[in-house]
Amino acid sequence: MKLRISALAFLTVIGACSTDVELIAPGDPIPVVYCLLDPEDSIQYVRIGSTYSVYPGDTNFRPDQKEILVDQEMSVYLSIEYTDLSQKITFGYPVYNIQKDSGWFPSTVNQMYAIPCRIEPGARYSLYIHFPATNKIIHGETVSFDGMLSVVDPELVPGREATLLNSTDYYVRIHTVTYGPIFQSTMTFRYAELKNGIRKDKSLVLPQKFIYQYDPMVKYCEQRISGERFLIEVARAIQPEEKVRRIPLGLDFHVSLGGSDLALKIQAENNTQSFSILEVNSFDNAIGVFSCLTHARIFNVPLSRFTIDTLALGPQTRNLGFLTAAQIDSMNYETH
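Just so you know, we're using numbering that gives the first Met the number 0 here: the sequence shown kicks off at 0 and counts up by one.
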């Protein structure tokens, strides 16, 4: 459901319930809210939970599932604010079929709201969570990307291959996006194992460091992937095994672009001098993150013959049973 009302009318509706909007009382559990707007999606998701007590020194402590529930009726809505002071508000609805990550709590306490809304570029958004019974409001603001994520490299071009050697690095590049200063790529090395005529496809996930780019005048943002580090990580992660032969299949890339508020939060969490990761917070009357996040995926980037031969013959990986490019050719093996 979408409503179009002016800012004045919106404030009048909210104010009609009561002349006072209460803050979260001291001592109460603090709501925890995560909302990452994705311009590539037509539905935006809000996760809502609550803080819980942790007993120092008790390594076996497992909080009760009810401790993270916000056991109140709530109204969740997203507002875009235009330069003429008008607003467009979209209300969310609870969803129960979102698969969660593994952890202490099952999906039954994973409170999620879906907001059917396309994100407009370079716009100011507000997220509201209203608790009618207590007239408490959680509020956060962020600015959406002023453009879409566009990957420059790796671009799948016929004949182009990826080369990672001790002396050769590989670069992932995207076009810079205003209000999207944090960028990360994850490279997945896919390979096949052959033993006794049985093939098993396997993969090695290699996440890269965060890259920050705040200068809007820079045309490209790039991440260097060390060829030497790639070979070292392969040697560390894959164990030699008798009678096992391995065939490199290619590379997949997962590229992520985050908003300004997400960049601040991640920088705070990575700052060892910071007193608390809660010093950076997107909300009034809650803790959490309200920002933007989008992804691009590139599959089946072929490896060059130089890289294949280095995996087979190089000092770091020659004991892992990788076949050379010539050996793979002689098998008439389809690599993709």
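Beta carbons are placed, not taken as given, at the ideal position from N, Cα and C, and that holds for glycine. Nothing here was measured: the structure is a model prediction, and the numbers come from that model.
Item, Value
"Comparing C-alpha positions only, which one of N318, K242, N165, P153 sits nearest to T336?", "Because residue 336 is not part of the residues shown, which for the chain are 0 to 335, the question remains open."
"Can you give, in chain order, each stretch of the beta strand (DSSP E) that sits fully within the region 107-147 and has at least 3 residues?", "110-115, 123-130, 135-142"
"Between L205 and T306, what straight-line distance do the alpha-carbon atoms span, to the nearest angstrom?", "17 Å"
"By alpha-carbon positions, which one of N299, D40, V75 ends up nearest to G139?", "V75"
"Using the three-state DSSP reduction, which class does I23 fall into: helix, strand or coil?", "Residue placement at I23 cannot be trusted, given a pLDDT of 48 that sits under 50; what the coordinates show is reported in the next sentence. Of the three classes helix, strand and coil, the one that applies to I23 here is coil, per DSSP."
"Suppose you measure from the CA of T323 to the CA of G158; what does that come to, to the nearest Å?", "19 Å"
"Should Q238 be labelled buried (16 or more other beta-carbon atoms within 10 Å of its own) or exposed?", "exposed"
"Quick check on the burial criterion: 16 or more other C-beta atoms within 10 angstroms. Buried or exposed for P78?", "Here the sequence assigns Ser to residue 78, which means Pro is not the residue at that position. Counting Cβ neighbours within 10 Å, S78 comes out buried, since at least 16 surround it."
"Considering only residues of the same chain and omitting the five flanking positions on each side of E66, which have a CB-CB separation below 8 Å?", "P28, S49, Y51, S52"
"Could you check how far apart the C-beta atoms of Y169 and L163 are, in whole angstroms? I think they sit under 8 Å.", "5 Å"
"Does D70 come out as helix, strand or coil in the three-state DSSP assignment?", "coil"
"Of all the options L148, L256, F289, R172, which has the alpha carbon lying nearest to the alpha carbon of V32?", "F289"
"In chain order, what residues of the same chain lie with their CB nearer than 8 Å to the CB of V233, ignoring the 5 residues before and after it?", "F188, L203, L310, Q315, T316, L319"
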